[in-house]
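Visitor: Got a structure for you, questions after.
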Amino acid sequence: MNFTLKVWRQKPGEKGKIVTYDAKEISSDASFLEMLDIVNERLVIEGEEAIAFDHDCREGICGMCGCVVNGYAHGHQEGTTLCQLHMRAFEDGSVIYVEPWRSRAFPVLKDLVVDRSAFDAIITAGGYISIRTGSAPDGNAIAVSKETADAAMDVAECIGCGACVAACPNASAMLFTSAKISQLALLPQGQPERMTRAQRMVRAMEVAGFGACTNHGECEAACPKEIKLDNIARLNREFIGASVKKQA
Amino acid sequence: MANNMTFLETSVGKKVLMAATGFIIFGFVVVHILGNLQLFLGPEALNQYAAFLQASGPIKWTVRIVLAASVLAHIVSAVMVTLQNWRARPQKYAVKRYQETTYAARTMWLGGPIIGLFVVYHLLHFTTGHCHPVKAGFIPDSNGVINVYNNVIFGFQDTVASGVYIFTMVLIGLHLYHGLWSMMQSVGLNHPKYNHWRKAFAVLFALLIATAGISLPVSVLLGLVTPV
Ligand code: HEM
Ligand code: FES
């Protein structure tokens, strides 16, 4: 398959621009990242700098990869990370726009690589439970119903890739933050710090420079792990509850 | 990462305020339009209703103050949230496609201010008479009272004035189509069992309010209701 790529190129500290590349003789079974690898090999041979992009596991579980492809975060295929998107999903001969996540809170480091430390700051603010380390607790010491466990697992699927921010017209991080608040709010282990967690994570999110949620639903549509908007309603509930009870 | 942002300094808090004040304004709009539909019941009904509203002094002023405060809080938080959202993406995408969002959701920031301007026009039109196209509507009778029934009809006989109302009613319908659903999400009102009712509620009330609002000027323009 052949494609015309329109790729965002940006050197650190400089202004970026869209540059056009040909991607020739690409296997339909190549993943999107493998296609970029092939283009990069040629660029390097031709003495040009390779296109920088983030990746790690390439099996859809680590959350490192992600670009906005033809206007869709992680490309147009539902519930798929960019590394799991294959070129057969594109039309032969088509033009493909590849851009980095766009958000004030995610500055571009180089080309398609953005700095997602803002997500780390949100997690550091309260996305954890404080427990004594040491020997592993007995697996069944705390009973959790099947329904609750399933619901918590559904949100725990979030891999923190940032597609929700990239897809949101407001570059809001509410889906990510709500998933992280929800997975702990649902479980008994999360209860002791429930109030402070909502308070602190929401504020960390605000400080990072993300936009506000105006309920467009684009995040849910883009999320490769299909995290639901319901979690945003839960975040709002948690935050209102914590604010009423005045625990910070 | 403790910091001392207050509730309303967070966007989540502002959205709660917008939802609460939006709901108050929505409640008023429902009652207001229901009251005005009495135009179809004839001059007696509408004029009595108008007199009743004017007579209840303290209630009238309480409602006015609560409404004015709600509108102000709604606008201030809407402007602040919108500006935060515009700042959040300094570099736009060359290509961006949307999958879920609606025209209504994307134009909240624009529809809101237009509705706000309309409210000013509306008050100058029917409450103070400053923008009244037909002077006859605002001439008091021998007892010094304005015939509200005639006032409304003369007001709507002007096609430009009617056009403004019809246009704004469509905008209010759009604003509520997204807003009434968004409001529930913003205050955390959701339950898997009832979630499908939230959109249905929004669609129903958006349609009802827009249709009822449009029916008034249209009926006057078509000559279905005439001055007495
Ligand atoms: C007829 C008068 C109005 C009613 C009934 C109304 C109602 C509402 C409601 C119920 C919401 C949902 C709140 C939420 O998302 O949680 C909302 C949102 C909003 N309103 Fe209004 N509003 C009115 C007038 C205005 C005005 C005058 C402005 C202008 C500044 C405005 C701007 C907005 C904006 C920007 C939103 C946020 C949209 C979003 O969250 O997606 N509204 N409104
Ligand atoms: S590279 Fe790990 S999720 Fe795509």
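Residue numbers (numbering that gives the first Met the number 0), protein chains in the order written: chain A, 0 to 247; chain B, 0 to 227. Backbone N, C-alpha and C define an ideal beta-carbon position, used for all residues, glycine too. In this text the structure is predicted, and so the values were computed from the model without any measurement.
Taking the DSSP output, what are the residues bridged to H85(A)?
Guide: According to DSSP, which records beta bridges pairwise, H85(A) is partnered with S30(A).
Visitor: Could you name the residues of chain A that N187(B) contacts, counting a contact when the two beta carbons are closer than 7 angstroms?
Guide: Checking the displayed sequence, the identity of residue 187(B) turns out to be Gly instead of Asn. Residues of chain A passing the Cβ test: A232, R233, N235, R236 and I239.
Visitor: Where does T225(B) sit, in a helix, a strand or coil, going by DSSP?
Guide: T225(B): coil per DSSP, three-state reduction.
Visitor: Pick helix, strand or coil for S129(A), following the three-state DSSP scheme.
Guide: In this structure, S129(A) counts as coil in the three-state DSSP scheme.
Visitor: Looking at the secondary structure, which residues open and close the alpha helix (DSSP H) in which A22(A) lies?
Guide: That residue, A22(A), is in no alpha helix (DSSP H); its beta strand (DSSP E) goes K16 to A22.
Visitor: Please name the residues in the segment 8-23 of chain B whose beta-carbon is closer than 8 angstroms to at least one beta-carbon of chain A, in chain order.
Guide: Per Cβ criterion, the list reads E8, T9, S10, V11, G12, K13, K14 and V15.
Visitor: Going along the segment 197-217 of chain A in order, which residues come within less than 8 angstroms of chain B, judged by CB to CB distance?
Guide: Residues R199, V201, R202, A203, E205, V206, G208, F209, G210, A211, C212, T213, N214, H215, G216 and E217.
Visitor: Can you grab the Cα-Cα spacing for the pair I55(B) / A201(B), in whole Å?
Guide: In the sequence on display, residue 55(B) carries Ser and not Ile. Distance between the alpha carbons of S55(B) and A201(B): 32 angstroms.
Visitor: For the structure I just gave you, are there three or more beta carbon pairs, one from the segment 71-88 of chain A and one from the segment 156-165 of chain A, closer than 8 angstroms?
Guide: These segments touch.
Visitor: Going by Cα to Cα distance, which pick from L52(B), L207(B), V163(B) and V217(B) is closest to H124(B)?
Guide: For the residues L52(B), L207(B), V163(B) and V217(B), the minimum Cα distance to H124(B) belongs to V163(B).
Visitor: How long is the line joining the alpha carbons of I130(A) and E192(A), rounded to whole angstroms?
Guide: Answer to the nearest angstrom: the Cα atoms are 11 angstroms apart.
Visitor: Apply the 10 Å Cβ neighbour rule to I63(B) and answer buried if 16 or more other Cβ atoms are within range, or exposed otherwise.
Guide: Position check: residue 63(B) holds Arg in this sequence, whereas Ile was assumed. Exposed.
Visitor: Please report the distance separating the alpha-carbon of H190(B) from that of A140(A).
Guide: In a straight line, the C-alpha of H190(B) is about 29 angstroms away from that of A140(A).
Visitor: Would you report the Cα separation of V75(B) and V118(B), rounded to the nearest angstrom?
Guide: The straight-line gap from Cα to Cα measures roughly 16 angstroms.
Visitor: For the segment 34-59 of chain B, which residues have a beta carbon sitting closer than 8 angstroms to at least one beta carbon of chain A?
Guide: The segment 34-59 of chain B vs chain A, Cβ under 8 angstroms: nothing.
Visitor: Using a Cβ-Cβ cut-off of 6 angstroms (strictly less than) and excluding sequence neighbours within five positions of W108(B), which residues of its own chain qualify?
Guide: Excluding sequence neighbours, W108(B) sits near T81.
Visitor: Mind checking the segment 101-115 of chain B against chain A and listing, in chain order, the residues whose C-beta falls within less than 7 angstroms of any C-beta there?
Guide: Answer in chain order: A104, R105 and M107.
Visitor: Using a threshold of 7 angstroms, is the CB atom of T3(A) nearer than that to any non-hydrogen atom of the ligand FES?
Guide: Answer for T3(A): no, Cβ out of range of the ligand FES.
Visitor: Taking 7 angstroms as the cut-off, is the CB of L16(B) close to at least one heavy atom of the ligand FES?
Guide: No; taking the cut-off as 7 angstroms, the Cβ of L16(B) has no heavy atom of the ligand FES nearer than that.
Visitor: Going by DSSP in three states, R8(A) sits in which element: helix, strand or coil?
Guide: Three-state DSSP puts R8(A) in a strand.
Visitor: With respect to 7 angstroms, is the separation between the Cβ of C61(A) and the closest non-hydrogen atom of the ligand FES below this value?
Guide: Checking the Cβ of C61(A) against the ligand FES gives yes.
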